[in-house]
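A.B. asks: One structure, as structure tokens, below. Some questions next.
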Amino acid sequence: RAAIFSSLAEGESRISNYLFAEDCVNTLRVLKSLGVKIEEEDGSLIFEGLGLKGLQKPAKDLYFGNSATGMRLMAGILAGQEFESILTGDESLSLRPMRRITRPLGMMGAQISTREEGTPPIKIKGGKLRAISYETPVASAQVKSTILLAGLYAEEETSVTEPALSRDHTEAMMKFLGLPIKREGLKVTLEKGSSWQGKDIEIPGDASSAAFFAAAAMLFKGSEVLIRGVNLNPQRTGFFSVAERMGAGVSYSNVTSKYGELFGDIRVKGRELGKVSLSPEEIPSLIDEIPLIALLATQAGGISEIKGLSELRKKETDRLSAITNELGKMGGDIKEGADYLRIYGYPGSLKGGSVKSYGDHRMAMMLFIAGLAASGETNIRDTNCIKASFPDFFELMEKIIER
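Following the numbering used here, the residues of the sequence shown are numbered contiguously, the last one being 582.
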């Protein structure tokens, strides 16, 4: 998001602590293909913003790798451009559902199409857009952000109403940049789009990435981990609230507000874990951490149940089935329903084995954490996918294991 907004700003922006994972790097390549000048200086990225209407027609298809976030958000921007573009991705991304964004963008006036199944590539012929008031069928930060970004090119105010609160990083950044955006309950409204000046932005540590280290500590009573400089946006810390409910010690320190977001440190202490029940309303704030919560529940006392998980079937893989199958191979006792998981906890039950990630970075990292707590050796097939979101995962994990 910071890269996209910096590219559309007036003048220079500087982004520090940018994550050079494959998904984020692919987004930079796409922006460069659209004419944005981006340079690296002392570990920071310098953007020469082109303004809302300054992007140039790309010479070739725009490749997003595995990044559904990048593809969906950029589709909103490209819907407002006076040229045609084609958005493509890798094999996994090419199976992800895109009608959830093509429908509202089409309602706004973009000429947009996908394959017959509603999957990428996405072909967009942009132009003048009209504002809409849209109700999303599911709570999705990506869908909401796509519509709001397209709303920057509409003449009137654009609004999105969700069935539950989803992550609000796009709205927070818009507010930080001075854009006229407001929230009333589950409805967020962007008034007529306006330009903004480039700014310096520091990216906080990702709460979803921090959750893996927290989970590792939670699996071993008496262990402790301190994670510094994490994004503490309330819509991103659902995992840590669940960790407390399960019995872990969780505390926050050095909390400050910067760039429209909360930054701070998180300390997690491993204690005896208890069962947990999660309702559908809780899922949007921790949807990426469901594999970890399922793992923790296998080592908690009692029966845990997580409801409202149908969206997990539409991720990099069918995560509901992947969680059930792979943790099952390691001794986890999990019942999978159409949109729920019921997990029977037996502390100390995990055993090593041969498991696979299905090319899903979050599954791969979760299985690595499971392997730490399992007896015997664990072999995980296809861990290269971790580079999509967390290239330093193994290096950092080795450091805390040594300690």
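Ideal placement from N, C-alpha and C gives every residue a C-beta, glycine not left out.
Everything numeric in this text was worked out from a predicted model, so none of it was measured.
With 16 as the cutoff for other CB atoms within 10 Å, does I580 come out buried or exposed?
C.D. replies: exposed
A.B. asks: Do K269 and N245 have their CB atoms nearer than 8 angstroms?
C.D. replies: Note that residue 269 is Asp in the sequence shown, not Lys. Contact: yes.
A.B. asks: In chain order, what residues of the same chain have a beta carbon less than 6 angstroms from the beta carbon of Q414, not counting five sequence neighbours either side?
C.D. replies: R346, D347, S464
A.B. asks: Compare the C-alpha of K566 against each of S388, I466, K400 and name the closest.
C.D. replies: Per the Cα distances, S388.
A.B. asks: Based on the DSSP output, what are the partners of T368 in its beta bridges?
C.D. replies: S338, K361
A.B. asks: Please report how far the alpha carbon of L369 lies from the alpha carbon of E295, in whole angstroms.
C.D. replies: The alpha-carbon atoms of L369 and E295 are separated by roughly 32 angstroms.
A.B. asks: Do the stretch 282–300 and the stretch 208–226 touch if we need at least three Cβ pairs shorter than 8 angstroms?
C.D. replies: no
A.B. asks: In three-state DSSP terms, what is N433?
C.D. replies: strand
A.B. asks: Is Q290 helix, strand or coil when you go by DSSP?
C.D. replies: strand
A.B. asks: List the whole-angstrom C-beta distance separating I548 from L474, where the pair is believed to meet the contact cut-off of C-beta under 8 angstroms.
C.D. replies: 6 angstroms
A.B. asks: From the DSSP output, read off the bridge partner residues of F442.
C.D. replies: N410, T435
A.B. asks: Could you tell me which of V409, T416, L331, I301 sits nearest to S374, measuring between CA atoms?
C.D. replies: L331
A.B. asks: Grouping DSSP H, G and I as helix and E and B as strand, with all else coil, what is Q321?
C.D. replies: helix
A.B. asks: What separation, rounded to the nearest whole angstrom, lies between the Cα atoms of E334 and K232?
C.D. replies: 14 angstroms
A.B. asks: Check L529 in the structure and name its three-state DSSP category.
C.D. replies: coil
A.B. asks: Should L452 and G426 be called a contact, given that it needs their Cβ atoms to be closer than 8 angstroms?
C.D. replies: In terms of Cβ geometry, L452 and G426 form a close pair [threshold 8 angstroms].
A.B. asks: Anyone know if the C-beta pair for G255 and L284 falls short of 8 angstroms?
C.D. replies: yes
A.B. asks: Under the rule that 16 or more other beta-carbon atoms within 10 Å means buried, what is S264, buried or exposed?
C.D. replies: buried
A.B. asks: Just the C-alpha distance for G214 and Y242, rounded to the nearest angstrom, thanks.
C.D. replies: 15 angstroms
A.B. asks: So, with DSSP's three-state summary, where would you put E451?
C.D. replies: coil
A.B. asks: Under a three-way DSSP split, which group does T267 fall into?
C.D. replies: Collapsing the DSSP output to three states places T267 in a strand.
A.B. asks: Run the CB neighbour count on K323, radius 10 Å, all protein chains shown included, and call it buried at 16 or more, exposed below.
C.D. replies: K323 comes out buried.
A.B. asks: Out of T337, L252, L398, which has the shortest C-alpha to C-alpha gap to T477?
C.D. replies: When only C-alpha atoms are compared, the closest one is L398.
A.B. asks: By DSSP, does D221 sit in helix, in strand, or in coil?
C.D. replies: coil
A.B. asks: Between M253 and I183, how many whole angstroms is the CB-CB distance? I'm expecting something under 8 angstroms.
C.D. replies: 7 angstroms
A.B. asks: Which same chain residues end up closer than 8 angstroms to L344 when comparing Cβ atoms and leaving out the 5 residues on each side of it in sequence?
C.D. replies: A318, L365, Q414, P463, S464
A.B. asks: Can G305 and Q260 be called in contact, C-beta distance under 8 angstroms?
C.D. replies: Less than 8 angstroms divides the Cβ of G305 from the Cβ of Q260.
A.B. asks: Tell me, please, which residues DSSP counts as bridged to G428.
C.D. replies: Its beta-bridge partners are K448.
A.B. asks: With 16 other CB atoms within 10 Å as the buried threshold, where does N410 fall?
C.D. replies: buried
A.B. asks: Since E505 is in the alpha helix (DSSP H), which residue starts that stretch and which ends it?
C.D. replies: 498–508
A.B. asks: Per DSSP, which residues does L520 bridge with? Please list them.
C.D. replies: I485, E515
A.B. asks: Measure the alpha-carbon distance for L207 versus I217 and round it to whole angstroms.
C.D. replies: 8 angstroms
A.B. asks: I need the straight-line Cα distance from A289 to L308, nearest angstrom please.
C.D. replies: 7 angstroms
A.B. asks: Taking Cβ positions, are E515 and T503 nearer each other than 8 angstroms?
C.D. replies: yes
A.B. asks: Just curious, the alpha helix (DSSP H) that I548 is in, first and last residue?
C.D. replies: 540–552
A.B. asks: According to the neighbour-count rule (16 or more other Cβ atoms, all chains shown, within 10 Å of its Cβ), is N205 buried or exposed?
C.D. replies: buried
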